[in-house]
Amino acid sequence: MAGGISIANIEKAFGATRVLSGVSLDVREGEFLSLVGPSGCGKSTLLRIIAGLERQDAGNIAIAGKPMDHLLPRERNVAMVFQNYALYPHMTAGENIATPLVMSRLSLFERLPLLGHLSPRRNAIAAGVAKDVRRVAQQLHIEALLDRRPGQLSGGQRQRVALARAMVREPAAFLMDEPLSNLDAKLRVHMRDELSELHRRLGATFVYVTHDQVEAMTMSNRVALMDGGEVLQLGTPTELYARPRSLKVAEFIGSPTINTLPVTCDAGGGVHLAGMRLPIDMPLGLRVTKLALRPEAIKLSAGRSAPGQIRLSGRLRRIEHHGAERIGHLTLEIPEASSIQFRLQAEEVGGLEEGQAVDVRFHPKDVHLFDAAGMRVEAEPHRQAHREYA
Amino acid sequence: MPTALPSARRELFSGLLFSAPAFILLSLIHIVPLLTLIALSFTDYELGALDVRWLGLDNFARAFSDPVFQRALRNTLLYVAIVIPGSVLLGLLIALLVHARKRTRSIYEVIYFLPVTSTLVAMATVWQFLLHPRLGPVNGFLKSLGFPEIAFLSEPSLVIPTLAVIGLWQMVGFNMILFLAGLSTIPRDLYDAAEVDGAGGAVDRFLRITWPMLGPTTMFVTVTTCITAFKVFDTVAVLTHGRGGSEVLLYAIYLEGFHYFKMGYAAALTLVFLAFILVFSILQARRMDRKVHYA
Chain A
1 MAGGISIANI EKAFGATRVL SGVSLDVREG EFLSLVGPSG CGKSTLLRII AGLERQDAGN
61 IAIAGKPMDH LLPRERNVAM VFQNYALYPH MTAGENIATP LVMSRLSLFE RLPLLGHLSP
121 RRNAIAAGVA KDVRRVAQQL HIEALLDRRP GQLSGGQRQR VALARAMVRE PAAFLMDEPL
181 SNLDAKLRVH MRDELSELHR RLGATFVYVT HDQVEAMTMS NRVALMDGGE VLQLGTPTEL
241 YARPRSLKVA EFIGSPTINT LPVTCDAGGG VHLAGMRLPI DMPLGLRVTK LALRPEAIKL
301 SAGRSAPGQI RLSGRLRRIE HHGAERIGHL TLEIPEASSI QFRLQAEEVG GLEEGQAVDV
361 RFHPKDVHLF DAAGMRVEAE PHRQAHREYA
Chain B
1 MPTALPSARR ELFSGLLFSA PAFILLSLIH IVPLLTLIAL SFTDYELGAL DVRWLGLDNF
61 ARAFSDPVFQ RALRNTLLYV AIVIPGSVLL GLLIALLVHA RKRTRSIYEV IYFLPVTSTL
121 VAMATVWQFL LHPRLGPVNG FLKSLGFPEI AFLSEPSLVI PTLAVIGLWQ MVGFNMILFL
181 AGLSTIPRDL YDAAEVDGAG GAVDRFLRIT WPMLGPTTMF VTVTTCITAF KVFDTVAVLT
241 HGRGGSEVLL YAIYLEGFHY FKMGYAAALT LVFLAFILVF SILQARRMDR KVHYA
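These protein sequences, in sequence, are chains A and B. Quick note: the first sequence uses full-length UniProt numbering, first residue 1, plus one each step. Quick note: the second sequence uses full-length UniProt numbering, first residue 1, plus one each step.
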C-alpha cells in the first residue's frame, strides 16, 4: 500500500462520549473512499484523526506505510477540504492557495512581514510559488479569481479555491469533510461530477466524509458505512446496495428507503409474511424477523401473477412525481406493516388513481432477510429454486 | 370643505412627525449644548458675570500662548502616547494568554477586569500609598534592591509616565475583554486549515490568522482607548492636583472653568480638546481601515 492509508483499531472518546470504538479500515492507494453515516456516527472525527487534527485514544494510522501517530498534521503530507472551506478571509484566493507552499518553502524568518524580504532567495521562491498557484488555478478554471477575496466569491468558486489550496502541494491523500454540503442542489450535482473527474485525473487517494448516501454512492470506489462509532460495512457501492450486511445499512443506502416487512419463521425453516408462506427457505436453526425490499423490486401486478412471484394487495395512498418515474405509496392490508413505496414508470401510471386498490408483486430473489439482531441472513438458494409457489 | 393633502406632502408631514421626538431629544441633549459651548468660546463670560464681551478668536489665541495650556497639551499627548500602544498590546497579549486557558479562564477574566469596575478615584488612594516615597511598598522594594528612593508622583519627569501606568492598569482589563470577544469569533476551522497547511506554529498562527482576523477589534479598541486616554482627569485630580507641572487637558479646563470661573476661556479649551479627540480618532480609523479586513 504505497500511498494508501491504513487505519487500525482507532478508539476515541470525548469525555464520557465514545465516538469511535475500534475502527479498522484500509484505504487503497488512488482510491476514492467515502465515509458515510448519519450525523454523530464518528466519520468526521475519524477524518480529523487521519489528518492529525485530533489525537486517537488508541490505535494506529499509517499513510503510505509510514506510521503517522506522532506526526503533526503538516508532516503527514495530507490536504484537507473543510465543510465551510475554511478559506483565510483576509487573503486573496491566490494567497490562500499559496499558503501551503509558502509555509513549506520559506523559512520562518523569510515568512515574516517586511523582514522576510531581506532574504536573497525569497524572490526566487515567491516566483516559483506563484507559478505553481497559477498552474493549479488553471486546472480548476479559477485564474480570473486569484485576486479576489473569499467574501467576493460564490459558494462554488470558494469550493474550487479550497480544492486548489489542497491540490497545490500534491499531497499523498486528500481528506474531504462534507465539502459539498454548503452548495445548492444543482451545484452539488455538478461538483460531484467535477470531484470524480479530478480524482480520476490526479490518481490520488481521496477520503471523503459525507452524510449523503447519494454522494457516497455516485463518486466512490468503495464506501464505508459508519454508525455508532463503528464501520457497519465496507464495500463497493454495488455491494452495499445489493447485499447490505445489516438492516441499518439497507435502510441507510438507497432512496426512497428500502421497504421492511415483518416476517415469521416456522420450525421447518419456512418464512411467513402475514400468514402467507413465502417460497423462501431458511437453513435450519436460522430465524429471520424482517424482510426488506427495494422500491424497484416491487412491480404493479396487472392481472395474473407470474409463477414464483409473491403478490401483495393494498390501497394506493399517494403517487409522488419524480419526472420520468413516480413513487407509489401503498398502504398494505397487513396489520403490522403500514406502508411500502415502489417505483412506477410514467406510462404505468395511466388510469391509476390515489385511493384505488391495487396488487403488487415481487420476486423472492430480490428479497433481503434479516434476523432479530438486524444482520443479513442468506436464504438457501437451491431449495428456494425448486419449490413452486402455490 | 377640507381637501385631502397630496400624498407626497402627507408623507413628508408624517415623516417629520415621526422623526420629531428623536430630533428634539438629540437637539436638547447634544446639539444645543454644543452650540452654546461654541458661542461661549468667543466671549469672556464668567460665571455670575453681568455683562459679556464678544472676543472673537482671542480665547483661542490666548490658549496657544498660555504656558499652562501648552504644558497640559504636551502632558496629555505623552500620556496618550504611552497608554494607547501599552493598553492595546498588553490587552491583546493578556487576551491571548487567557483565551488559551480552559478551566481557569473565567477567574483570570474577573481578575483582569476588576480595575475596570473599581472607581479610579478610590483606587488612586491605594496607588498613592503604593507609590509613596517613604511608606510605599514599591519604593521599599526598590530600596531593598539598592536603588535610591523615587518620588513617582512629584518628580516632574516621572509624574506623567506614572499616571500613564495607572491608566494602563485600569484600561487593560477592558481591552482584554474586547479582544477575547474578538478571539472567540475566529472560526476554529481556520486554525485547523492552518494546521494542515503547515501554519500551525504559534508565530504563524498569530501572524497569518489571529492578528488579521482581529483587525476590526483592534481598530475599535484603539479608537476607544484613544478617547479614554485623552479624557484622563481623575488620577491627576486626586494624586497630583496638577502639581509638578502635571496638568492635563481636562484638568486645565476644570481649573479655568470651575476654579477661576472663566467659562468663556474654558469653553474655548474644551473645543480644542474635542477637536483633538476628533482628529485623532478619524486619523486612526482612516489609517487602519485600509488595512483591516471585515468579514
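Glycine residues also receive a C-beta, built at the ideal position from the N, C-alpha and C atoms. Keep in mind it's a predicted model, so treat the numbers as computed, not measured.
So that I know if they touch, is there some Cβ in chain A lying closer than 8 Å to that of residue i?
{"i": "B:Ala95", "result": "no"}
{"i": "B:Glu155", "result": "no"}
{"i": "B:Asp44", "result": "no"}
{"i": "B:Val221", "result": "no"}
{"i": "B:Ala193", "result": "yes"}
{"i": "B:Gly198", "result": "yes"}
Is residue i close to chain B? Criterion is C-beta to C-beta, closer than 8 Å.
{"i": "A:Met80", "result": "yes"}
{"i": "A:Pro89", "result": "yes"}
{"i": "A:Ser104", "result": "yes"}
{"i": "A:Tyr389", "result": "For A:Tyr389, the pLDDT reaches just 43, beneath the cut-off of 50, and the residue's location in the model is therefore unreliable, leaving the point undetermined."}
{"i": "A:Phe14", "result": "no"}
{"i": "A:Leu247", "result": "no"}
{"i": "A:Pro73", "result": "yes"}
{"i": "A:Ala86", "result": "yes"}
{"i": "A:Ala385", "result": "Low confidence applies to A:Ala385: its pLDDT is 44, below 50, so where it sits in the model is not reliable enough to give any reading."}
Straight-line CA distance for residue i to residue j?
{"i": "A:Ile258", "j": "A:Asp266", "result": "25 Å"}
{"i": "B:Leu89", "j": "B:Phe261", "result": "40 Å"}
{"i": "B:Leu239", "j": "A:Leu118", "result": "49 Å"}
{"i": "A:Val349", "j": "A:Ser255", "result": "20 Å"}
{"i": "B:Leu178", "j": "A:Arg317", "result": "59 Å"}
{"i": "A:Gln341", "j": "A:Thr236", "result": "25 Å"}
{"i": "A:Gly374", "j": "A:Arg105", "result": "53 Å"}
{"i": "A:Arg387", "j": "A:His272", "result": "Here the model assigns A:Arg387 a pLDDT of 45, short of 50, so the residue's position is not dependable, and the following value carries that caveat. Roughly 15 Å between the two C-alpha positions."}
{"i": "B:Asn139", "j": "B:His241", "result": "22 Å"}
{"i": "B:Phe13", "j": "A:Ser154", "result": "44 Å"}
{"i": "A:Glu378", "j": "A:Arg343", "result": "25 Å"}
{"i": "B:Ile38", "j": "B:Leu28", "result": "15 Å"}
{"i": "A:Leu202", "j": "A:Asp132", "result": "15 Å"}
{"i": "B:Leu274", "j": "B:Arg290", "result": "25 Å"}
{"i": "A:Leu195", "j": "B:Ala100", "result": "38 Å"}
{"i": "A:Asp69", "j": "A:His211", "result": "27 Å"}
{"i": "A:Leu187", "j": "A:Ile298", "result": "32 Å"}
{"i": "A:Ala357", "j": "A:Leu312", "result": "11 Å"}
{"i": "A:Leu261", "j": "A:Leu332", "result": "10 Å"}
{"i": "B:Glu155", "j": "B:Gly244", "result": "7 Å"}
{"i": "B:Thr162", "j": "B:Ile82", "result": "10 Å"}
{"i": "A:Val27", "j": "A:His199", "result": "14 Å"}
{"i": "A:Val23", "j": "A:Gly229", "result": "7 Å"}
Hey, residue i and residue j are a contact pair by Cβ (cut 8 Å); roughly how many whole angstroms apart?
{"i": "residue 391 of chain A", "j": "A:Leu146", "result": "Limits of chain A in this structure are 1 at one end and 390 at the other, which puts residue 391 of chain A out of reach."}
{"i": "B:Asn75", "j": "B:Ser281", "result": "Not a contact, Cβ separation roughly 20 Å."}
{"i": "A:Gln83", "j": "A:Pro150", "result": "Not quite, the Cβ-Cβ distance comes to about 15 Å (not below 8 Å), so this is no contact."}
{"i": "A:Arg55", "j": "A:Pro100", "result": "With a Cβ gap of about 22 Å, A:Arg55 and A:Pro100 do not count as contacting."}
{"i": "B:Ser118", "j": "B:Leu168", "result": "About 15 Å; that fails the 8 Å criterion."}
{"i": "B:Met171", "j": "B:Thr228", "result": "6 Å"}
{"i": "B:Gln284", "j": "B:Val223", "result": "6 Å"}
{"i": "A:Phe32", "j": "A:Ser181", "result": "With a Cβ gap of about 17 Å, A:Phe32 and A:Ser181 do not count as contacting."}
{"i": "A:Met80", "j": "B:Asp204", "result": "No, A:Met80 and B:Asp204 are not in contact; Cβ-Cβ is about 17 Å, not under 8 Å."}
{"i": "B:Ala63", "j": "B:Val248", "result": "Actually they do not touch by this definition, with Cβ atoms about 15 Å apart."}
Would a check of beta-carbon distances place residue i closer than 8 Å to chain E?
{"i": "B:His132", "result": "Within the model displayed, chain E is absent; protein chains A and B are what it includes."}
Handout entry: Proximal residues, the stretch 71-96 of chain B versus chain A, C-beta separation under 7 Å
Key = none
Problem - Cβ contact (3+ pairs, closer than 8 Å) linking the stretch 240-256 of chain A and the stretch 354-372 of chain A - result: yes
Practice task
Assess, as a yes-or-no matter, whether the stretch 319-327 of chain A is touched by the stretch 14-25 of chain B under the definition of 3 or more beta carbon pairs within less than 8 Å.
Solution key: Output reads no: the stretch 319-327 of chain A does not touch the stretch 14-25 of chain B.
Exercise for the section: Can you give me, in chain order, the residues of the stretch 201-213 of chain B that have a beta carbon less than 8 Å from any beta carbon in chain A? Expected result: Gly201, Val203, Asp204, Leu207, Arg208, Ile209, Pro212, Met213
Practice task
Would you check if there are 3 or more beta carbon pairs closer than 8 Å linking the stretch 223-242 of chain B to the stretch 95-107 of chain B?
Solution key: no
Practice task
Compile a chain-ordered list of the residues in the stretch 94-118 of chain A whose CB is closer than 8 Å to at least one CB of chain B.
Solution key: Thr99, Pro100, Met103, Ser104, Leu108, Arg111, Leu112, Pro113
Handout entry: Where the stretch 174-185 of chain A meets chain B: residues whose CB sits under 7 Å from a CB there
Key = none
Exercise for the section: Compile a chain-ordered list of the residues in the stretch 24-38 of chain A whose CB is closer than 9 Å to at least one CB of chain B. Expected result: none
Practice task
Compile a chain-ordered list of the residues in the stretch 8-39 of chain B whose CB is closer than 7 Å to at least one CB of chain A.
Solution key: Those residues of the stretch 8-39 of chain B that come within reach of chain A (Cβ to Cβ, closer than 7 Å) do not exist; the list is empty.
Exercise for the section: Could you run through the stretch 44-76 of chain A and flag, in chain order, every residue whose CB is less than 7 Å away from some CB of chain B? Expected result: Ala51, Leu53, Leu72, Pro73, Arg74
Exercise for the section: Indicate whether the contact test is met: 3 or more Cβ pairs, each with one atom in the stretch 55-67 of chain A and one in the stretch 223-242 of chain A, closer than 8 Å. Expected result: no
Problem - Interfacial residues, the stretch 178-193 of chain B to chain A, with Cβ spacing under 8 Å - result: Pro187, Asp189, Leu190, Asp192, Ala193
Practice task
Say whether the stretch 2-20 of chain A touches the stretch 59-74 of chain A, bearing in mind that this needs 3 or more beta-carbon pairs closer than 8 Å, one atom from each stretch.
Solution key: yes
Exercise for the section: Mind checking the stretch 278-294 of chain B against chain A and listing, in chain order, the residues whose C-beta falls within less than 8 Å of any C-beta there? Expected result: His293
Exercise for the section: Evaluate the contact criterion for the stretch 179-187 of chain B versus the stretch 56-67 of chain B: three or more CB pairs, one atom per stretch, below 8 Å. Expected result: With a cut-off of 8 Å, the stretch 56-67 of chain B and the stretch 179-187 of chain B do not count as touching, because too few Cβ pairs lie within range.
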